[in-house]
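Before any comments, here is the structure.
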Amino acid sequence: MNNIMNPEGPVMLFFTKIAYSAYLNVLWFICCLPIITAGASTTALYYVTLKIAKNEEGNVTKSFFRAFRANFRQGTVIWLILLGSGIILGLDGYIFYHMRFENAFWTIGAAVFMVLLAAYAIILMYIFPLQARFENTVRMMFINSILIGMRFLLCTALMAAIYLVMAFVIINIFTPIIIFGEGLCALIRSHLLANILQLCAEKAAGSNGTDSTEEAKETREI
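Heads up: take any position in the sequence shown, counting from 1, add 310, and you land on our numbering.
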C-alpha cells in the first residue's frame with residue numbers, strides 16, 4: 311500500500327503523467343485557437359511530452375510556453391506549409407472520389423494521390439517531435455520526417471493507430487475522454503519516439519565527431 315501511495319512510485323508517476331496530458335491538452339488547444347499558431351503549439355506540446363517520457367519535465371507550464379515562443383517562427387512556417395498542402399490534398403481527394411472512372415489515368419492518378427497522402431501523414435506525425443528535439447532548417451525537417459517515418463514503419467503504424475483509437479473512443483464510446491485528446495496521444499507517442507530520437511541524436515553527434523559521452527545529451531535546450 312505504501313508503494314502505491316509513494317509519490318515517487320510507478321503508480322503515482324503514471325497518474326501524474328495522465329494528469330499532465332490533460333493539462334497539456336488544454337494548453338495546446340488554447341494556443342491553437344488562432345489556427346496559425348498550431349505549429350508552434352504542437353511543437354511545444356511535444357517538447358514537454360518528450361521530457362515527461364524521460365521523467366525530466368520540470369515546470370510543465372513554463373517549459374511549454376518557453377518552447378512555444380522559441381519555436382513560433384519556424385513552427386508557423388512548417389504549419390502553414392502543411393495546412394496548404396493538406397487543403398490541396400483534400401481537394402484532390404474530393405475530385406478523385408467524385409470522378410471514379412475505370413481507366414488507366416484514374417488508376418494511376420489515384421495511386422499517386424494515395425502515395426502523397428501517406429507521405430503527408432508520415433510528415434505530420436514526425437515533423438513536430440523532430441522540431442521539438444532538433445535544430446534544423448525547414449527543408450531538412452520535412453526530409454528527415456519522411457525518412458525516419460519510412461525507416462521505422464512499425465513505430466509509424468503504431469503512432470497512426472493511437473490517433474485512430476482515440477478518435478474511435480471519443481466518437482463511439484466515451485466522448486468526455488476528449489479532455490485528454492492530443493495531450494495523451496502526444497505523451498504515448500513520445501514514449502514510442504524516445505529511443506528513435508535518441509538514435510538520431512547519437513547518429514548526428516557521431517557524424518560531427520563528438521565524444522560518445524556527449525552523444526546522449528539533449529540536442530535542443532530551450
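Beta carbons are placed, not taken as given, at the ideal position from N, Cα and C, and that holds for glycine.
Rounded C-alpha distance that separates residue 494 from residue 415
42 Å
Are the beta-carbon atoms belonging to residue 459 and residue 473 less than 7 Å from one another?
no
My output table needs one value for residue 344: the three-state DSSP class, helix, strand or coil.
coil
Go through its chain and collect everything with a Cβ distance to residue 501's Cβ below 8 Å, but skip five positions before and after it.
363
Compare the Cα-Cα distances from residue 426 to each of 395, 336, 442 and 405 and report the closest residue.
395
How many angstroms separate the CA atom of residue 440 from the CA atom of residue 511?
10 Å
Report yes or no: do three or more beta-carbon pairs, one from the stretch 448-458 and one from the stretch 484-493, lie closer than 8 Å?
no
Nearest-angstrom Cβ-Cβ length linking residue 351 and residue 325, presumed shorter than 8 Å:
Their Cβ separation, rounded to whole angstroms, is 25 Å, which puts residue 351 and residue 325 out of contact at 8 Å.
If the criterion is Cβ atoms closer than 7 Å, does the pair residue 438 and residue 371 meet it?
no
Flag this pair as yes or no: are the beta carbons of residue 358 and residue 374 separated by less than 7 Å?
yes
Please confirm whether residue 382 and residue 406 have their CB atoms less than 7 Å apart.
no
Between the CA atoms of residue 421 and residue 355 - distance to the nearest angstrom:
34 Å
My understanding is that residue 392 touches residue 434, with C-beta atoms under 8 Å, so please give their C-beta distance in whole angstroms.
6 Å
If you drop the 5 nearest sequence neighbours on each side, which residues of the same chain put their C-beta closer than 8 Å to that of residue 428?
none
Tell me whether residue 446 sits in a helix, a strand or coil according to DSSP, three-state version.
coil
Where do the ends of the alpha helix (DSSP H) carrying residue 479 lie?
From DSSP, residue 479 is part of no alpha helix (DSSP H); its letter is neither H nor E.
DSSP three-state call for residue 409: helix, strand or coil?
coil
Three-state class that DSSP yields for residue 372 in the structure shown
helix
In or out: residue 492 buried (at least 16 other Cβ within 10 Å) or exposed?
buried
May I have the straight-line CA-CA distance separating residue 388 from residue 430, to the nearest angstrom?
12 Å
Under the three-state reduction of DSSP, which class applies to residue 365: helix, strand or coil?
coil
What is the DSSP secondary structure of residue 322, counted as helix, strand or coil?
helix
Residue 381 by DSSP, collapsed to three states: which one?
coil
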